[in-house]
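K.L.:
Chain order of the listed sequences is V and U. For the first sequence, counting from 1, position 111 maps to 111 in this note's numbering; every step adds exactly one. Start counting at 1 in the second sequence, then tack on 157, and there's your number in this note's numbering. All residues carry an ideal CB built from backbone N, CA and C; glycine is no exception. In this text, all values refer to a predicted model and were calculated from it rather than measured experimentally.
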Amino acid sequence: MTKKIKQAYQQAPWRRQLRFFGISVLPVIAIGMVIALYLVVSAQSAAAGLQIMQMHYDEEEILRQIANLRTELGYMTSYKEMQQRAKKVGYELPPAEAVHFMPIPGYSGQDAVLIAPPPGADSKGTPLVNEFYQQSLWDWFLNTFLVDSPAVKGDAN
Amino acid sequence: MSKTGLSRLTVIGGLLSAASLLIVFQMARIQGSTKHQELSRWADEQYSYAIENYYPERGNIYDRWGRLLAGNEDVYEVGLMLQYITNPSTIAATLDGVNDLKYKDILENAAKAFDPKESIYAVLTDFLPFGVVDVLSEIKQKYEIENPYGRDPEKPSLRGVVWYPHLKRSYPENSLASNILGFYSFRDRQNGIGYYGVEEYYDDILAGSPMESFMPRNPYMLEGLPEVPAGSSLVLTIDREIQAMVEKKLDEAVKEFEADYGVVIIMDPRNGEVLAMASQPRINLNQYWETEDQFKDKTPYNRAISETYEPGSVYKVLTMSAAMDDGAVDEKTIFNDPGRFEYGGGVVFNWDRQGHGKQDMQGCMQKSLNVCLAWVATELGKDKFYEYMQSFGIGRMTNIDLGGEKIWPFSIPGDSDWYPIQLVTNSFGQGVAVTPIQMATAISAVANDGKMMKPHVLKAIIQDGKQYNTSPQVLGVPIKPETARTMTNMLVKSLVNETSLALVPGYKIAGKTGTAEIPVEGVYGTNQTNASFVGWGPADDPQFLVYVWIARPEKSPWGSMIAAPLFSEITKELVVYLDIPPQTAQDPLMAKEG
Chain V
1 MTKKIKQAYQ
11 QAPWRRQLRF
21 FGISVLPVIA
31 IGMVIALYLV
41 VSAQSAAAGL
51 QIMQMHYDEE
61 EILRQIANLR
71 TELGYMTSYK
81 EMQQRAKKVG
91 YELPPAEAVH
101 FMPIPGYSGQ
111 DAVLIAPPPG
121 ADSKGTPLVN
131 EFYQQSLWDW
141 FLNTFLVDSP
151 AVKGDAN
Chain U
158 MSKTGLSRLT
168 VIGGLLSAAS
178 LLIVFQMARI
188 QGSTKHQELS
198 RWADEQYSYA
208 IENYYPERGN
218 IYDRWGRLLA
228 GNEDVYEVGL
238 MLQYITNPST
248 IAATLDGVND
258 LKYKDILENA
268 AKAFDPKESI
278 YAVLTDFLPF
288 GVVDVLSEIK
298 QKYEIENPYG
308 RDPEKPSLRG
318 VVWYPHLKRS
328 YPENSLASNI
338 LGFYSFRDRQ
348 NGIGYYGVEE
358 YYDDILAGSP
368 MESFMPRNPY
378 MLEGLPEVPA
388 GSSLVLTIDR
398 EIQAMVEKKL
408 DEAVKEFEAD
418 YGVVIIMDPR
428 NGEVLAMASQ
438 PRINLNQYWE
448 TEDQFKDKTP
458 YNRAISETYE
468 PGSVYKVLTM
478 SAAMDDGAVD
488 EKTIFNDPGR
498 FEYGGGVVFN
508 WDRQGHGKQD
518 MQGCMQKSLN
528 VCLAWVATEL
538 GKDKFYEYMQ
548 SFGIGRMTNI
558 DLGGEKIWPF
568 SIPGDSDWYP
578 IQLVTNSFGQ
588 GVAVTPIQMA
598 TAISAVANDG
608 KMMKPHVLKA
618 IIQDGKQYNT
628 SPQVLGVPIK
638 PETARTMTNM
648 LVKSLVNETS
658 LALVPGYKIA
668 GKTGTAEIPV
678 EGVYGTNQTN
688 ASFVGWGPAD
698 DPQFLVYVWI
708 ARPEKSPWGS
718 MIAAPLFSEI
728 TKELVVYLDI
738 PPQTAQDPLM
748 AKEG
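1. Give me the residue from U:Asp283, U:Gly223, U:Pro305, U:Val181 with the minimum Cα distance to Asp111 (chain V).
2. Give me the Cβ distance between Thr640 (chain U) and Ser478 (chain U), rounded to the nearest whole Å; I'm assuming they're in contact under 8 Å.
3. If we ignore side chains and look at the alpha-carbon of each, how far apart do Ser332 (chain U) and Ile440 (chain U) end up?
4. For Tyr359 (chain U) and Asp558 (chain U), I'd like the C-alpha separation in whole angstroms.
5. If you draw a straight line from the C-alpha of Tyr543 (chain U) to the C-alpha of Asp494 (chain U), how long is it?
6. What number of angstroms, rounded off, separates the C-alpha of Ile115 (chain V) from the C-alpha of Ala617 (chain U)?
7. What does the Cβ neighbour count give for Arg316 (chain U), buried or exposed, with the cut at 16 atoms within 10 Å?
8. For Asn68 (chain V), return the contacting residues in chain U, with the cut-off set at a CB-CB distance below 8 Å.
9. Give the secondary structure of Lys406 (chain U) by DSSP, where H, G and I count as helix, E and B as strand, and everything else as coil.
10. Measuring only the C-alpha atoms, how far is Lys623 (chain U) from Leu69 (chain V)?
11. Ignore the nearest five residues each way along the sequence and tell me which others in Gly170 (chain U)'s own chain have a CB closer than 6 Å to its CB.
12. Any idea which residues DSSP pairs Met372 (chain U) with across the strands?
13. List the residues that DSSP assigns as beta-bridge partners of Trp693 (chain U).
14. Apply the 10 Å Cβ neighbour rule to Phe271 (chain U) and answer buried if 16 or more other Cβ atoms are within range, or exposed otherwise.
15. Can you tell me whether Asp482 (chain U) is buried or exposed, with buried defined as 16 or more other CB within 10 angstroms of its CB?
16. Taking the alpha carbon of Ile564 (chain U) as the point to measure from, which residue in U:Gly469, U:Val581, U:Glu464 has its own alpha carbon closest?
17. Would a check of beta-carbon distances place Tyr9 (chain V) closer than 8 Å to chain U?
18. Determine the extent of the alpha helix (DSSP H) in which His56 (chain V) is found, giving its start and end residues.
19. Taking C-alpha atoms, which residue in U:Pro629, U:Ala696, U:Val403, U:Leu735 lies nearest to Asp606 (chain U)?
20. For chain U, find out if any of its Cβ atoms is closer than 8 Å to the Cβ of Pro117 (chain V); answer yes or no.
21. Count the other CB atoms, across all protein chains shown, that sit within 10 Å of the CB of Gly351 (chain U); report buried if there are 16 or more and exposed otherwise.
22. Output yes if chain U places a C-beta closer than 8 Å to the C-beta of Gln65 (chain V); else output no.
23. So who's on the other strand from Arg326 (chain U), going by DSSP bridges?
24. Do Pro577 (chain U) and Trp706 (chain U) come within 8 Å of each other at the CB atom, strictly closer than that value?
25. Does the beta carbon of Ala659 (chain U) sit closer than 8 Å to a beta carbon anywhere in chain V?
26. Assuming Thr582 (chain U) is part of the alpha helix (DSSP H), what are its boundary residues?
27. Using the C-alpha atoms, what's the distance from Trp508 (chain U) back to Asn684 (chain U)?
28. For Cys529 (chain U), which residues in the same chain have their Cβ closer than 7 Å to its Cβ, ignoring the five residues on either side in sequence?
29. To the nearest angstrom, how far is the alpha carbon of Val756 (chain U) from that of Gly692 (chain U)?
30. Measure the Cβ-Cβ separation of Phe701 (chain U) and Leu735 (chain U) and say whether it is below 8 Å.
31. Could you pull the start and end residues of the alpha helix (DSSP H) that Asn266 (chain U) belongs to?
32. Assuming the contact rule is C-beta atoms closer than 8 Å, Phe567 (chain U) and Val581 (chain U) should be a hit. Round their C-beta distance to whole Å, please.
33. Give, in chain order, every residue of the region 36-55 of chain V whose Cβ lies closer than 7 Å to some Cβ of chain U.
34. Excluding the 5 residues preceding and the 5 following Ala531 (chain U) in the sequence, name in chain order all residues of the same chain whose CB lies nearer than 6 Å to its CB.
35. Go ahead and pull the three-state DSSP assignment for Cys521 (chain U).
36. Starting from Ile618 (chain U), trace the beta strand (DSSP E) both ways and give me its first and last residue.
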């Protein structure tokens with residue numbers, strides 16, 4: 001009787017084999033998934049690293065180009081060059097006697113040059129990366145549904 | 158499963174286990190090896206990191222209105238990667254004549270055998286402009302298409318020719334203000350430094366901090382990139398337009414008066430800002446290596462701050478200011494000028510060897526009477542005279558922010574080389590040696606209500622994206638404001654009464670000429686003179702001070718004939734640049750504004 005009952009509830013051998021196979025393969029699949037994930041993240045990280053390095057070199061080149069262009073502009077607007085250009089278009093230096101002075105209300109002469117902002121000036125510009133890309137899913141959820149929600153703030157009216 | 162099968166499995170399992178154990182053991186052995194650290198370091202050095210040297214961009218130099226005086230330009234170093242060269246003769250033929258390269262030298266380098274231990278890279282030339290490299294790049298590409306990888310040695314190929322960009326110091330104004338700027342020895346890329354002027358004085362600030370950094374080759378190890386801030390930029394007090402005008406007029410005057418050389422300084426006496434400073438000779442800063450040819454026989458790079466000379470009668474401004482400030486004399490004090498003055502075992506005469514009879518102090522200054530000033534100095538007394546001169550900064554550096562300032566020691570009573578006669582000779586600017594900047598600074602106290610400001614050329618520093626303006630510094634207050642005003646008025650009247658060539662129509666100018674004999678082998682009276690003039694204006698509210706020195710003029714020895722007209726020429730244009738209306742225009746303007 002017992003044997004019969006056991007036989008009645010015992011799983012078929014092919015099912016047992018399948019379960020055994022499943023249990024055996026599961027860790028392999030799990031490990032494989034972890035490895036795959038690791039490889040994907042690593043590849044992305046390496047690509048990002050390479051991109052950063054490339055951008056670093058690009059930045060160096062851009063800074064060099066800026067310096068070069070600034071100097072080129074300096075040559076183009078040098079005293080001698082400007083004198084020649086002024087002469088070419090018909091300007092000439094007036095004699096001191098020909099200069100007439102007239103008052104301009106509120107004008108106190110040429111302003112001092114300001115090549116960079118003075119210390120203390122707010123130099124914070126617009127963030128380069130949109131703030132939406134700087135928050136995690138949890139931050140977004142928290143901000144959108146809990147912190148910012150009218151119910152939580154108590155200004156539901 | 159049979160017993161034999163099990164035993165086979167056991168054997169295979171055992172073997173695999175043993176192999177695994179061996180691998181683990183070997184790993185442990187390598188890890189524990191004494192050479193492990195050495196090998197690990199070697200591997201790191203060879204393959205993990207590259208050492209990169211960062212030379213920050215040298216700071217720019219601007220004039221007071223932001224016009225670039227010194228910047229940096231992109232240039233290229235051209236070299237040969239020996240292992241890639243396939244056709245040395247093409248390389249030699251293409252680069253022949255570029256930057257004075259010779260075919261033979263290029264071929265010698267390009268044909269060198271590649272030796273990974275010694276000969277890998279050879280520098281051919283440096284400082285090539287972008288345009289040349291651009292052409293080179295086009296030729297290289299063309300050859301590469303015709304002869305990929307330079308496989309056919311019979312066909313032309315520029316494989317192995319490489320170029321690297323870097324920045325080079327560049328001066329867009331060439332020789333303009335070269336005496337103020339100095340230069341940076343950019344041809345020495347590793348150890349370049351600033352020489353003279355601003356480039357020397359502010360070398361550390363301009364250069365920034367070069368950095369050696371380990372750059373990981375492995376992108377995983379990239380944790381951060383080195384931040385190499387560029388050197389700070391400087392904004393000078395110099396006005397490019399005024400500087401150019403002054404240099405031009407000085408050059409013309411030196412030529413016209415057949416002089417050896419000259420110096421002009423323009424300062425704002427209210428704050429010590431140097432607006433222009435011209436000296437001779439000057440060099441094209443982009444070819445700074447020609448300095449030695451231009452500055453022979455220890456010629457100072459900037460005579461305005463490095464060359465001392467006997468200033469002559471312009472010094473009388475200091476003597477008279479001191480005596481009036483002390484109360485030893487006043488405007489109305491009368492001196493009966495006999496034409497000679499004996500003191501300390503010596504005799505001094507007037508410039509014309511004549512006596513001028515009764516003179517008040519303004520007459521003494523107007524006629525520039527040595528005898529009168531000698532008497533004034535003795536009235537003041539030697540102790541007070543030298544005390545005042547020291548408070549005017551005579552014998553001390555002005556500490557102007559330019560590299561290369563020099564002074565001549567000032568002998569005072571008590572020094573072994575001081576003799577009583579020096580009190581009287583010093584009173585009219587002989588027997589004392591000063592630089593033009595010392596004189597301009599001292600006399601600027603008279604122009605600025607007695608307050609002597611430190612001369613400087615730096616207006617602002619731009620560091621980390623911020624502009625820090627400098628504050629003027631007071632060097633001292635050698636005389637009272639009333640004395641300064643009295644002196645200024647006296648010198649205004651002097652110029653008007655003598656109808657000086659220094660006068661500027663429409664403007665109230667105070668000034669004093671100076672003619673100093675130059676001793677040749679210790680003997681005076683050889684007709685060689687230093688002609689000087691110092692003037693400031695507008696007298697009611699001085700905004701500029703102009704100091705002129707012309708050395709050894711042939712046309713005339715007198716400061717009144719040589720330096721005074723140059724002062725006038727310069728000032729006529731200066732007032733326009735500085736937006737200073739003439740007196741006749743000022744009153745209606747004030748009335749309208751009021």
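P.N.:
Judging by the given coordinates:
1. Comparing alpha-carbon positions, the option among U:Asp283, U:Gly223, U:Pro305, U:Val181 lying closest to Asp111 (chain V) turns out to be U:Gly223.
2. That belief holds up - the Cβ atoms of Thr640 (chain U) and Ser478 (chain U) are roughly 6 Å apart, short of 8 Å.
3. Ser332 (chain U) and Ile440 (chain U) have their C-alpha atoms spaced approximately 5 Å apart.
4. Going by C-alpha positions, Tyr359 (chain U) is about 8 Å away from Asp558 (chain U).
5. Tyr543 (chain U) and Asp494 (chain U) have their C-alpha atoms some 24 Å from each other.
6. Their Cα atoms are separated by approximately 10 Å.
7. That one is buried.
8. Neighbours of Asn68 (chain V) in chain U, taken as residues at a C-beta separation under 8 Å, are given in chain order as Asn229, Glu230, Asp231, Phe287, Leu324.
9. Correct three-state label for Lys406 (chain U): helix.
10. Approximately 21 Å, taken between the alpha carbons.
11. Correct list: empty, nothing qualifies.
12. Answer by DSSP bridge pairing, in chain order: U:Ala207.
13. Per DSSP, U:Ala667, U:Leu702.
14. Result: exposed.
15. So Asp482 (chain U) counts as buried.
16. Here the closest residue by C-alpha is U:Glu464.
17. Answer no: the Cβ-Cβ gap between Tyr9 (chain V) and chain U never drops below 8 Å.
18. Note, His56 (chain V): alpha helix (DSSP H), 13-76.
19. With distances taken between Cα atoms, Asp606 (chain U) lies closest to U:Ala696.
20. Taking 8 Å as the CB threshold, Pro117 (chain V) lines the interface with chain U.
21. With 16 or more Cβ atoms within 10 Å of its Cβ, Gly351 (chain U) is classed as buried.
22. Answer yes: the Cβ-Cβ gap between Gln65 (chain V) and chain U drops below 8 Å somewhere.
23. Answer is U:Asn229, bridged to Arg326 (chain U).
24. Not closer than 8 Å, so no.
25. Taking Cβ atoms only, chain V never reaches closer than 8 Å to Ala659 (chain U), which makes this a no.
26. 578-584 is the span of the alpha helix (DSSP H), which, as asked, contains Thr582 (chain U).
27. So the alpha carbons of these two residues sit roughly 12 Å apart.
28. Spatial neighbours of Cys529 (chain U) in its own chain (CB-CB distance under 7 Å, excluding positions within 5 residues in sequence) are listed in chain order as Phe492, Asp494, Gln516, Cys521.
29. This structure cannot settle anything about residue 756 (chain U), because the visible part of chain U is limited to 158 through 751.
30. Result yes, Cβ atoms of Phe701 (chain U) and Leu735 (chain U) sit closer than 8 Å.
31. Looking at the DSSP string, the run of the alpha helix (DSSP H) that includes Asn266 (chain U) is 260-267.
32. 16 Å between Cβ atoms; not a contact.
33. Listed in sequence order: Ser45, Ala46, Gly49, Leu50, Ile52, Met53.
34. By the criterion of a C-beta distance shorter than 6 Å, Ala531 (chain U) is surrounded in its chain by Phe498, Val505, Val581, Ser584, once the five residues flanking it on both sides are discounted.
35. Three-state result, Cys521 (chain U): helix.
36. It spans 615-620 - the beta strand (DSSP E) in which Ile618 (chain U) sits, taken as one unbroken run.
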